[in-house]
Each structure stands twice: as structure tokens, then as C-alpha cells.
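As C-alpha cells, the structure follows; a few thoughts come after it.
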Amino acid sequence: MARKNKDEIAPGVAADAQGAPKKQKKPKKVRWYHQVFQAYKMTYARDRKVPWIMLGVFVGIVALFVGIGLWWGQPVYMSIIGVPFGLLGAMFVLARRAERAQYAEIEGQPGAARAALGTIRRGWSFDEEPAAVDPKTQDLLFRGLGRAGIVLVTEGPSGRVKKLVDAEQRKLSRILSGVPVTVVQCGNGEGQVPLPKLARHVQKLKPKLNKAEVGEVGKRLTALGKIRMPIPKGVDPNRARPDRKGMR
1 MARKNKDEIA PGVAADAQGA PKKQKKPKKV RWYHQVFQAY KMTYARDRKV
51 PWIMLGVFVG IVALFVGIGL WWGQPVYMSI IGVPFGLLGA MFVLARRAER
101 AQYAEIEGQP GAARAALGTI RRGWSFDEEP AAVDPKTQDL LFRGLGRAGI
151 VLVTEGPSGR VKKLVDAEQR KLSRILSGVP VTVVQCGNGE GQVPLPKLAR
201 HVQKLKPKLN KAEVGEVGKR LTALGKIRMP IPKGVDPNRA RPDRKGMR
């Protein structure tokens, strides 16, 4: 059999400084308990009461099962069953507190509304970039599409974002007449939706379009982003000819 050339290295195998083949290390899998510990650290940094609340829920659930066991005559059996239910209750409390801590961390930052809308898994699609931005005030307007129609989500005071909303509605009315447009203002002011409740508020909007209509509106919105700037009058780029005298 012919000997392999030293320069030939099997696919998927890296070479070290001396040219010898070196196996690539596989990325380590993140275990579920590592994720739980990271969520606990992040939550504890903002909520010092979380360990005591989790402990209270765990003890309360186990005590409930022990009480049922004493009444039933099987305290040991019911206490064993109560332990996993107590852990499940504690994990539920941690998940809820971690969600609150995440919202508290991003609240007030530009794009926080888009991050909250990203938790909606089905039924809605939102552009990654804002549809409109006020360069002076840094107010943002995000646009989404779903069965309820088009939703415009704003970041900023109600009085300031009105200009962005009016301009976006005029633009949409030119190409999407008859499509329902809902405006949702994200914030803590009067008439605004708080950041932690934003995703749930959008999901509760009543559907008004079917799947085919949503697809058609999506195509028009995509074309809206590809519209070119108007060409000045008197200039036709297809008929323009070079100035030969100038070239000489």
C-alpha cells in the first residue's frame, strides 16, 4: 500500500505548529444544571429574596404532601413523592423571577422592545432593524406582521413618537390600503404597555387576516424595503451617452 503524504491531513483534523495532525476539540455541551445555575446567579444579583422564596415554596409543597400522607397513613411514601414536586415549584419560581430580572436589565435601553418581541415564538414576524428612527431623540419604531395585521411598536414618550407613527402609517397606506394597522406604545407612561407585558399584549390581538393574506402583505412589505429613490427628471440612465469630447 502506498504511504500517505505527510502534507495530507484527514478532514476534520487540524495541524499543530510542527505540521503533525491534531484533532479538533468538540465544543462542550452546556448541561441543564449549568443553565439553571447561571439563571440563579443572574436573578440573585438583582433579587436577593429569590433563594428564600424558592426555599419557602419547596418546604411548603413537601409539607403539604407530608400532611396528606399523615391523613392517609403513608407519610414516608407521600414525602418522597412531594420532593420532586417541591423542586418543580422552586424551579417555576426561579423561571418567573429570572424573566423579571432580564426585563429589568434591558429596560430603558434602545431596542428593548424588539428584544421582548423576540420571545414570541409563533404567529408573528418582526424586522430586526427598526422601521423608523428619530436621530435627535433616539425614539424607535418597530414593525411586525401577523394574523392581526401590521403592528407598530414604539419606544419613547407618547408625544414624541406620534411623528414616527404618522409617517409610517402614511407610507403603509399607499401600498397596503385596507390592511389593519395596530399601534402599541411600549413604556411606563399613561396608555403605554410595560416592557414585561409587551409580548403577551401583542399575542392577544385578535386575528383579522388569513395565512394567504399574511403572505401577500409580507411580500409587499419586502418590496417596500427595496423601493429605489426616484430618478431626477430629464435623466434617463438607459439612454444616457458618454460625452466623447470630454473623453478626448
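Under UniProt numbering, think of the first position of the sequence shown as 1, with each following residue one higher. Just so you know, even glycine gets a beta-carbon here, dropped at the ideal spot from N, CA and C.
Under the DSSP assignment, L205 falls outside any beta strand (DSSP E); it carries neither an H nor an E label. Looking at the DSSP output, I150 sits in a beta bridge with L145 and V181. In the three-state reduction of the DSSP assignment, A131 falls in the coil class, being assigned neither a helical nor a strand state.
In terms of Cα proximity to T222, the closest of Q185, V202 and S125 is S125.
With fewer than 16 neighbouring CB atoms inside 10 Å of its own CB, V83 falls in the exposed class. Counting the other CB atoms within 10 Å of its CB gives R174 a total below 16, which places it among the exposed residues. Counted as a single uninterrupted DSSP element, the alpha helix (DSSP H) harbouring I175 occupies residues S158 to I175.
Taking the CA atoms as reference points, R147 sits about 6 Å from K208. In this structure, A95 is the residue among A95, L205 and L88 with its C-alpha nearest to the C-alpha of K41. For T222, the enclosing alpha helix (DSSP H) starts and ends at K211 to L224. Classified as exposed, P135 has fewer than 16 neighbouring CB atoms from the shown chains inside 10 Å of its CB.
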